[in-house]
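Each residue of the sequence shown is one higher than the last, beginning at 78 in this note's numbering.
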Amino acid sequence: TLLGVTGSGKTFTMASVIQRTQRPALVMAHNKTLAGQLCAEFMALFPDNAVEYFVSYYDYYQPEAYLPGRDLYIEKDSSINDEIDRLRHKATSSLLERRDVIVVASVSCIYGLGDPDDYKNLMVSLRPGMIRSREEVMADLVRIQYVRNDFDLKRGTFRVRGDTLDIFPASEESTLTRVQFFGDEIEEIRDVDAISGRSIAGRNYMAIFPASHYATTREKMKRAVVSIGAELEERLAYFRDQGKLVEAYRLEQRTRYDMEMMLETGFCKGIENYSRHLTGRQPGQPPFTLMDFFPEDYLLFLDESHVTVPQIGSMVRGDRSRKESLVDYGFRLPSAFDNRPLSFDEFKERAGQTLYISATPADYELRESSQVVEQIIRPTGLLDPLVYVRPVDNQIEDLMEGIRETTKRGERSLVLTLTKRMAEDLADFFREENLRVQYLHSDIPTVERLDILRKLRKGEFDVLVGINLLREGLDLPEVSLIAILDADKEGFLRSTTSLVQIIGRAARNVNGRVILYADEVTASMERAIRETIRRREIQNAYNEAEGITPTTIKKEIRDLIDTSFDLVADEALETTDDIERYDKELSKLSYTDLQKRAKLIEKEMKGAARRLDFELAA
């Protein structure tokens, strides 16, 4: 376990371990945003390595479900992000081609993926001088789920022009592979720019991996369909014995259609629900995941492990509870249960040599670790904030005085309450006292939350009131005062871990201080204060020995998320004036109104497509 405080350089430490061991690495974060930040940092530290990004490729995901009480079937609906799908393919192909690979992933990496052996065995290998006809290579590409498209070449497609075959690999963004034939021989292979057609470089070898992680051999597909048919007959007999004829009819119609599609096209909607049959696993056996693509000697880093570890353990339970009604009412075969994430025990079995990283590791990480290494020293010299405990009586008046002092210095304040109602009421009260204030809680959409934090940093207001502002990775150097109301109310929001994380939010400002309003000092408060003092003393001794003067971190204020929307106006935007006018109109809309506008435009787009007016739809 690496017990590293905020701003101490934990990412650089991880990079140093990877560099010294020279082993492939999987770095897990508990959300996409932190995974993206880590990936960017590792790319800067390892410019010549394959640093890959593997997260869920769904922009929107509505899982398949059935609500028996309302007799309501909800079909799976999703929107796949093509760029993230490309990055996932790039990650798996890199793992099978080289060793200098670092994959930064979310918990998506414990969800089912195809068999890595099939993925590797289905690879199409091409070399100049190889005796292969154009038709043979095309047949191989179709077998690994590439589609011929001579007009609109995109990822996972190929086109034919005379003796030239252009292939757009599933893992590439803007580079085609051009294969030139002379009779039945491959004469030349070149990388070509997909837009300009300009030749980039020649190749002595090209490996083309399947366009889908669920691709499998024809023989395996036939065996899978036979196995699915056997399970179907068994399940139909069960339903008929129970007198559930509607469920039996429903299951038979759906499953036989899926079986026919799999035999004819090698694919069907919801094919992942048959993954156990496709991979030849026994009932209850764990699925193949990204972790199976790694060699046995890989390193595993669990960033913010106190959050990531519990997240891993909870995934499989939620997945099963949703599928039980689908299986019980004839929407899916029982084998759908085996299309699931890994259980925690299965995850541990597949984990390589593991390093837990957290400022507040939980008991599990400490218990599992053979060694706990502290990383307390910050290169900037910044100390952990001073912590004060003050009585609850007159806490609001005392707090307002502290906020006004902080604001005079051009710095910001965070105030933490226990409930949403309290946060809103306190924000209203501060507003009446002429303080520039906003509140933040889970009812506010994610994009608006990020925008509120950006505005706090820019100084558009001075005080942010919320419930749980300990977000790991929350970087607010302008904040120098944190006030925690009801600090003596033991529970999740006032546990030792939560208090240490909250206190750390003020550790990026040289004037950082934290006020705990409480009538008694709880055990959690005492442990958090003692730990903060210990870290402060260690940093202070280092500063004195090295002659370091602590200074507040200066960090560029950027948009935390791209909030631009590529919306289509009702009228054509032909001129710059039109575009500027439309942008001004959009800027006045709230986030909710923007969502409504986007849905309306999507509806109009689909209507135009149904009328075959594709120019308007685009």
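Glycine included, C-beta positions come from ideal geometry on N, C-alpha and C.
- Assignment of residue 293 by DSSP, reduced to helix, strand and coil, places it in the coil class.
- Nearest neighbour of residue 218 by Cα position, chosen from 286, 307 and 281, turns out to be 286.
- It is roughly 30 Å from the alpha-carbon of residue 675 to the alpha-carbon of residue 345.
- Residue nearest to residue 596 within the set 541, 559, 466 and 622 is 466 (criterion: CA-CA distance).
- Between residue 454 and residue 616 the beta-carbon gap is near 6 Å, inside 8 Å, which marks them as a contact.
- Sequence-distant Cβ neighbours of residue 461 in its own chain, meaning closer than 6 Å and more than five residues away, are 584, 609, 612 and 613.
- For residue 84, the secondary structure class from DSSP, reduced to helix, strand or coil, is coil.
- Burial of residue 417 is indicated by the presence of at least 16 other C-beta atoms within 10 angstroms of its C-beta.
- Counting of Cβ neighbours within 10 angstroms places residue 507 among the buried residues, the total reaching 16 or more.
- In the structure shown, the three-state DSSP call for residue 378 is strand.
- Taking a cut-off of 8 Å for Cβ pairs, the stretch 483–501 and the stretch 562–573 touch, as three or more such pairs fall below it.
- The distance from the Cβ of residue 500 to that of residue 542 is about 5 Å, consistent with a contact at the 8 Å cut-off.
- Check the Cα spacing between residue 452 and each of 433, 444 and 588: the tightest is with 433.
- Here the stretch 379–392 does not lie against the stretch 326–340, with fewer than 3 beta-carbon pairs under 8 Å apart.
- In this chain, residue 413 is not harboured by any beta strand (DSSP E), its DSSP state being neither H nor E.
- When the beta-carbon positions are compared, residue 129 and residue 167 come within less than 8 Å of each other.
- In the DSSP secondary-structure assignment, residue 303 is not bridged to any residue.
- Inclusion of residue 249 and residue 291 in the CB contact set at 8 Å is not warranted, their separation being larger than that value.
- Nearest neighbour of residue 558 by Cα position, chosen from 588, 117 and 313, turns out to be 588.
- Where residue 574 is concerned, the enclosing alpha helix (DSSP H) starts and stops at 573–581.
- Looking at the backbone, the Cα of residue 269 and that of residue 363 are separated by about 41 Å.
- Closest in alpha carbon position to residue 380, among 371, 115 and 498, is 115.
- Nearest C-alpha to residue 305 among 275, 356 and 504: 356.
- In the three-state reduction of the DSSP assignment, residue 178 falls in the strand class.
- Taken in chain order, the complete alpha helix (DSSP H) segments of 4 residues or longer contained in the stretch 426–463 are 440–445.
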